[in-house]
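Take 5 as the starting number for the sequence shown in my numbering and just add one per residue. I have placed the structure first, in the form of structure tokens, so that the comments after it can refer back to it.
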Amino acid sequence: YEKLIEQICKVVSDTLPAHATVVVVSKGDDNLIDLGGRQGWHFPQNEDGAYAGYYPHDSAQVIAHLEALREKGGEFLLLPSTALWWLDHYAEFNQYLEQKYPVVFRQNDVCVIFALSKSERQAQRLSKESEGPAVTG
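Spelled out as structure tokens, the structure:
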């Protein structure tokens, strides 16, 4: 697990802008939001920004919460490999992400990162600047 956290930090460092705000499906693990200069936010979170302590009931709750955090300044959504089950469990959320936000990094044994900006151009530029193509695995 520690190796996974190291891999995620390297991906974030290599792929995302230096002062990016990253929303992380963290299950409350502060190590997952310690992203070396980038601001990491727990997802889901309570009003104080701490891990909410529970999983959302359904996709509608997940989407509403994500959009609220995007409005507050969240620029990227990161799902570590340990949280990729969210994309199956919250199927409508997965469809929403795929339709609305481009993937800037995907390596299923490490993480998936979506750009939450409305500018696909920026996301495509980031994707091209990242080391190598997006990979599934």
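Every residue gets a Cβ at the ideal spot worked out from N, C-alpha and C, and that includes glycine.
- Between V27 and L81, is the Cβ-Cβ spacing less than 8 angstroms? Translated into positions along the sequence shown, residue 27 becomes position 23. Translated into positions along the sequence shown, residue 81 becomes position 77. The answer is yes: Cβ separation under 8 angstroms.
Practice item. Starting from G44, follow its DSSP beta bridges and name the residues at the other end. Key: As a first step, residue 44 must be located in the sequence shown, where it is residue number 40. G44 is bridged to V26.
Practice prompt. Return the chain-ordered list of same chain residues with a C-beta closer than 8 angstroms to the C-beta of K14, the five sequence neighbours on each side being excluded.
Written response: Walking along the sequence shown from the start, residue 14 turns up at place 10. The beta carbon of K14 sits closer than 8 angstroms to no other beta carbon from its chain once the five residues preceding and following it are set aside.
Would you call the segment 21–35 in contact with the segment 67–80, where contact means no fewer than 3 C-beta pairs closer than 8 angstroms?
In the pairwise beta carbon analysis, the segment 21–35 is classified as touching the segment 67–80: at least three pairs are separated by under 8 angstroms.
Can you tell me whether L81 is helix, strand or coil according to DSSP? Along the sequence shown, read from residue 1 onward, the residue named residue 81 stands at position 77. Strand, per DSSP.
Go ahead and pull the three-state DSSP assignment for V116.
-> Your numbering for residue 116 matches position 112 in the sequence shown. Strand at V116.
Subject >> alpha helix (DSSP H) segment containing Q99, residue limits >> reply: On the sequence shown, position 95 is the one that residue 99 refers to. Element bounds for Q99: A95 to K104.
Exercise. Could you check where the beta strand (DSSP E) with Q11 kicks off and where it finishes?
Worked result: Walking along the sequence shown from the start, residue 11 turns up at place 7. No beta strand (DSSP E) contains Q11, which is instead part of the alpha helix (DSSP H) from E6 to T19.
Whose C-beta lies closer than 6 angstroms to the C-beta of I117 among residues of the same chain, with five residues either side of it excluded? Here residue 117 refers to the residue found at position 113 when the sequence shown is read from its first residue. If we look at I117 and ignore the five residues flanking it on each side, its Cβ neighbours are F80, L82, V108 and F109.
Once DSSP output is grouped into helix, strand and coil, what is the label at L39?
If you number the sequence shown from 1, residue 39 lands on position 35. L39 falls in the strand class under three-state DSSP.
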